[in-house]
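J.: Residue numbering for the sequence shown follows this note's numbering, starting at 843 and increasing by one per position.
Mind looking over this structure? Questions follow.
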Amino acid sequence: MHVIDRQILKIALPAIVSNITVPLLGLVDLTIVGHLGAEAYIGAISVGGMIFNVMYWIFGFIRMGTSGLTAQAYGRKDWHEVGRLFCRSLLIAALLSALLLLLQVPIRHLALAVMSPSEEVRRYVEVYFNICVWGTLPSLSLSAFSGWFLGLQDSRTPMTIAIAQNITNIVASLLFVYVLGMKVEGVALGTLIAQYAGMLMAVAVYFLRYGKVRRYVHWKGVMVRSDMMRFFRVNRDIFFRTICLVSVFLFFTSAGAWQNDTVLAANAILMQFYILFSYIMDGFAFAGEAVCGRFYGAGDRPNYLSTVRRLFKWGGAMALVFTLAYILADDLIVGLITDEASVVACARDYRLWVWLVPIAGIGAFIWDGIFIGITASRQMLISSVVATVLFFSLWYFLFPIWQNHALWFAFIVYILARGVVQTVLFRKL
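Here it is in structure tokens:
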């Protein structure tokens, strides 16, 4: 095996293991409420989860900006900048967490107004939100830790934390729901407990494993204007790119809710197929962030370009595996998540689109990792804007005649367009 392939897998495999726990956790949450006897529970977890996904995706630049810049500093062996980046990212995480807590009531009202769920689903979403909102500090702080660890070529630590965090979540949710008789609030409490457990583990690992690097972590020089401007320029582009991404996913969930609770639940379940694939592919994207960022920071262009080529080979292989798996086992997976006959039947009508997700999404995921690693954030933003305009345009013109199929078609075009545009932009770098 080529040495770069080994470096890619050294980052990607632990990242995949940690990432896979996230969609599995979502599947467990949906499975728990999917067997409680009401579509409204499934809808509530879908809508509530989407609200927090929106909140955390919007501030995803905390992790992405930190990993790319840290990887480049690591490639240059600039340990003082590595320390300053750690302080900057944690400071921003803390400030944004405080802001979200202060604005939690208007955020909740705005989200529910936009997504417009039924009154029954709305009541359960409010319960879920009012509990999970107190997990903003540990969630954003953990994003800062994860980005920093990844920039230092360490994906094993985030893997260990993610596994422990999600096991805690699953165990706690099952305890609250099936032992203590709670419903949506039990799932929310399990999530909250796990978020704080994950943050505490990250702090412990930082003190126990990073003693040599920690001596460079201090606040002196953190607020230097030129470095702060670069940090915020990269994060600004990632922020607006994420706004585009969030608008698509938020609208996707909302469009299902506008139709009826059955379509909402079916779309939520089918979206788990996309999420499962995305977290697998993000393992290779994370490898792109770390390895490409390190070679780019060190000025090693031959190895940097070789890494790009090898990332796409791995991505293509994974897309083929997932396409075959989804064609052969989609009914089985849906049946494991819920036994609601109406939801299962509805999901079956749209399974063709799920089969197309892996092939359509190769470029979007791999290029995102590469561009984050080399901090080509403006190119990421341009591709997202183009793809988002296509998504909303296609939905607007096709929905009157194609209904929910139009929504899925527009989504497939969205993820495909991101990869195509990024390929064109990469050739101009």
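Glycine included, every Cβ here is placed at the ideal spot set by N, Cα and C.
Keep in mind the model is a prediction, meaning the values are calculated, not measured.
1. According to the neighbour-count rule (16 or more other Cβ atoms, all chains shown, within 10 Å of its Cβ), is Pro948 buried or exposed?
2. When you compare only the Cα positions, how much space is there between Trp1209 and Tyr1038?
3. Roughly how far, in whole angstroms, is the beta-carbon of Val967 from the beta-carbon of Ala1099, given that I think they are within contact range, below 8 Å?
4. From Ala1189 to Phe1233, what does the alpha carbon distance come to, in whole angstroms?
5. Span of the alpha helix (DSSP H) holding Ala1189?
6. Tell me which residues share the same chain as Glu1027 and place their Cβ nearer than 8 Å to its Cβ, disregarding the 5 neighbours each side in the sequence.
7. CB-CB under 8 Å to Gln1264, same chain, minus the five flanking residues each way: which ones, in chain order?
8. Please state if the CB of Ala1107 and the CB of Val1301 are separated by a distance shorter than 9 Å.
9. Excluding sequence positions up to five away, which residues of its chain have a Cβ less than 7 Å from the Cβ of Tyr1058?
10. Which of the three DSSP states, helix, strand or coil, is assigned to Pro959?
11. Comparing C-alpha positions only, which one of Tyr883, Thr912, Asn1102 and Tyr898 sits nearest to Lys1025?
12. Since Ala1132 and Ile853 are thought to touch, with beta carbons under 8 Å apart, how far apart are those beta carbons, to the nearest angstrom?
13. Since I believe Leu992 is in contact with Phe1128 (beta carbons under 8 Å), could you give me their beta-carbon distance rounded to a whole number of angstroms?
14. Do you know offhand how far Arg964's Cα is from Leu954's?
15. Leaving out five residues before and five after Phe987 in sequence, what residues of the same chain have Cβ atoms less than 6 Å from its Cβ?
16. What is the DSSP secondary structure of Ser997, counted as helix, strand or coil?
17. So the alpha helix (DSSP H) Lys1054 belongs to, where does it begin and stop?
18. Just to confirm the assignment: which complete beta strand (DSSP E) runs, minimum length 3, are found wholly within the stretch 1133–1216?
19. Please report the distance separating the alpha-carbon of Leu1016 from that of Ile874.
20. Just the C-alpha distance for Val1227 and Leu1050, rounded to the nearest angstrom, thanks.
21. CB-CB under 6 Å to Phe1081, same chain, minus the five flanking residues each way: which ones, in chain order?
22. From which residue to which residue does the alpha helix (DSSP H) around Ala1108 run?
23. With 16 as the cutoff for other CB atoms within 10 Å, does Met892 come out buried or exposed?
24. Following the continuous alpha helix (DSSP H) through Phe1239, name the residue where it begins and the one where it ends.
25. Short of 6 Å in beta carbon distance, which residues of its chain neighbour Pro1000, apart from the five on each side in sequence? Order them along the chain.
26. Please report the distance separating the alpha-carbon of Tyr1192 from that of Glu962.
27. In whole angstroms, what separates the C-alpha of Tyr1048 from that of Val1029?
28. Would the beta-carbon of Gly917 fall within 9 Å of that of Phe1137?
29. For Ala857, which residues of its own chain have a beta-carbon under 6 Å away from its beta-carbon, when the five flanking residues on both sides are left out?
30. Only counting the same chain, and skipping five residues up and downstream in sequence, which positions put a Cβ closer than 6 Å to that of Gly1157?
31. Measure the beta-carbon distance from Ser939 to Thr908 and round it to whole angstroms, keeping in mind my assumption that it falls under 8 Å.
32. Alpha carbon to alpha carbon, how far is His1060 from Lys1054? Give it in angstroms, no decimals.
33. In chain order, what residues of the same chain have a beta carbon less than 8 Å from the beta carbon of Phe1091, not counting five sequence neighbours either side?
34. What's the gap between the Cα of Arg905 and the Cα of Gly1032?
35. Could you check the C-alpha separation between Thr1149 and Trp1197 for me, to the nearest Å?
36. Quick one: what does DSSP say Met892 is sitting in, helix, strand or coil?
T.: Here's the rundown:
1. Within the sequence shown, the letter at position 106 stands for residue 948. With fewer than 16 Cβ atoms within 10 Å of its Cβ, Pro948 is classed as exposed.
2. Taking the sequence shown and counting its residues from 1, the one referred to as residue 1209 is at position 367. Taking the sequence shown and counting its residues from 1, the one referred to as residue 1038 is at position 196. If you take the alpha carbons of Trp1209 and Tyr1038, they lie about 32 Å apart.
3. By 1-based counting over the sequence shown, the position of residue 967 is 125. By 1-based counting over the sequence shown, the position of residue 1099 is 257. That pair is no contact at about 10 Å.
4. Locating residue 1189 in the sequence shown gives position 347, where the first residue counts as 1. Locating residue 1233 in the sequence shown gives position 391, where the first residue counts as 1. Straight-line Cα distance between these residues: approximately 21 Å.
5. Taking the first residue of the sequence shown as position 1, residue 1189 is located at position 347. Segment Ala1183 to Arg1190, the alpha helix (DSSP H) holding Ala1189.
6. Within the sequence shown, numbered from 1, the residue matching residue 1027 stands at position 185. Val969, Tyr970, Ile973 and Phe1018.
7. In the sequence shown, the residue the question calls residue 1264 occupies position 422. Once the five neighbours on either side are set aside, the close Cβ partners of Gln1264 are Gly1205, Ala1206, Trp1209, Asp1210, Phe1213, Gln1221, Met1222 and Ser1225.
8. The shown model of the chain, from 843 to 1271, leaves out residue 1301, and the question about it has no answer.
9. Sequence index remark: in the sequence shown, residue 1058 carries index 216 (1-based). Trp921, His922, Val924 and Gly925, listed in sequence order.
10. Within the sequence shown, the letter at position 117 stands for residue 959. If DSSP states are grouped into helix, strand and coil, Pro959 belongs with coil.
11. Taking the first residue of the sequence shown as 1, we reach residue 1025 at position 183. Among Tyr883, Thr912, Asn1102 and Tyr898, the Cα nearest to that of Lys1025 belongs to Tyr883.
12. Within the sequence shown, the letter at position 290 stands for residue 1132. Within the sequence shown, the letter at position 11 stands for residue 853. Correct: roughly 5 Å between the Cβ atoms.
13. Locating residue 1128 in the sequence shown gives position 286, where the first residue counts as 1. Locating residue 992 in the sequence shown gives position 150, where the first residue counts as 1. That pair is a contact at about 6 Å.
14. Here the question's residue 964 lines up with position 122 in the sequence shown. Here the question's residue 954 lines up with position 112 in the sequence shown. So the two alpha carbons sit approximately 7 Å from each other.
15. Here residue 987 refers to the residue found at position 145 when the sequence shown is read from its first residue. These residues qualify, in order along the chain: Ala1044.
16. Looking up residue 997 in the sequence shown gives position 155. Coil at Ser997, not helix or strand.
17. Looking up residue 1054 in the sequence shown gives position 212. For Lys1054, the uninterrupted alpha helix (DSSP H) run begins and ends at Gly1053 to Arg1056, by DSSP.
18. none
19. Position 174 of the sequence shown, counted from the start, is the residue given in the question as residue 1016. Position 32 of the sequence shown, counted from the start, is the residue given in the question as residue 874. Going by the C-alpha atoms only, they are around 8 Å apart.
20. As a first step, residue 1227 must be located in the sequence shown, where it is residue number 385. As a first step, residue 1050 must be located in the sequence shown, where it is residue number 208. Straight-line Cα distance between these residues: approximately 42 Å.
21. In the sequence shown, counting from the first residue as 1, residue 1081 sits at position 239. For Phe1081, where only same-chain residues beyond five positions count, the Cβ hits under 6 Å are Phe903.
22. The residue given as residue 1108 occupies position 266 in the sequence shown. Asp1103 to Ala1129 is the span of the alpha helix (DSSP H), which, as asked, contains Ala1108.
23. In the sequence shown, residue 892 corresponds to position 50, counting from 1. Here Met892 is buried: its Cβ has 16 or more other Cβ atoms, across all protein chains shown, within 10 Å.
24. Position 397 of the sequence shown, counting from 1, holds the residue named residue 1239. Phe1239 -> alpha helix (DSSP H) spans Ser1219 to Trp1244.
25. Counting from 1 along the sequence shown, the entry for residue 1000 is found at position 158. The answer, listed in chain order, is Ser860, Ser988 and Phe991.
26. Residue 1192 sits at position 350 when you count from the first residue of the sequence shown. Residue 962 sits at position 120 when you count from the first residue of the sequence shown. Taking the straight line joining both Cα atoms gives about 25 Å.
27. Here residue 1048 refers to the residue found at position 206 when the sequence shown is read from its first residue. Here residue 1029 refers to the residue found at position 187 when the sequence shown is read from its first residue. Those two C-alpha atoms are separated by around 29 Å.
28. Here residue 917 refers to the residue found at position 75 when the sequence shown is read from its first residue. Here residue 1137 refers to the residue found at position 295 when the sequence shown is read from its first residue. Cβ distance < 9 Å, so Gly917 and Phe1137 count as in contact.
29. Working through the sequence shown from its first residue, we reach residue 857 at position 15. Once the five neighbours on either side are set aside, the close Cβ partners of Ala857 are Ser997, Gly1125 and Phe1128.
30. Within the sequence shown, numbered from 1, the residue matching residue 1157 stands at position 315. Only Phe1126, Ile1204 and Ile1208 meet the Cβ criterion.
31. Residue mapping note: residue 939 aligns to position 97 of the sequence shown, counting from 1. Residue mapping note: residue 908 aligns to position 66 of the sequence shown, counting from 1. That belief does not hold up - the Cβ atoms of Ser939 and Thr908 are roughly 16 Å apart, past 8 Å.
32. By 1-based counting over the sequence shown, the position of residue 1054 is 212. By 1-based counting over the sequence shown, the position of residue 1060 is 218. If I take the Cα positions, the gap works out to 13 Å.
33. By 1-based counting over the sequence shown, the position of residue 1091 is 249. Correct list, in chain order: Met892, Asn895, Val896 and Trp899.
34. One-based indexing of the sequence shown puts residue 905 at position 63. One-based indexing of the sequence shown puts residue 1032 at position 190. Using only the alpha carbons, I get a separation of about 24 Å.
35. Residue mapping note: residue 1149 aligns to position 307 of the sequence shown, counting from 1. Residue mapping note: residue 1197 aligns to position 355 of the sequence shown, counting from 1. Within the model, the alpha-carbon separation for Thr1149 versus Trp1197 is close to 28 Å.
36. Numbered from its first residue, the sequence shown carries residue 892 at position 50. Correct three-state label for Met892: helix.
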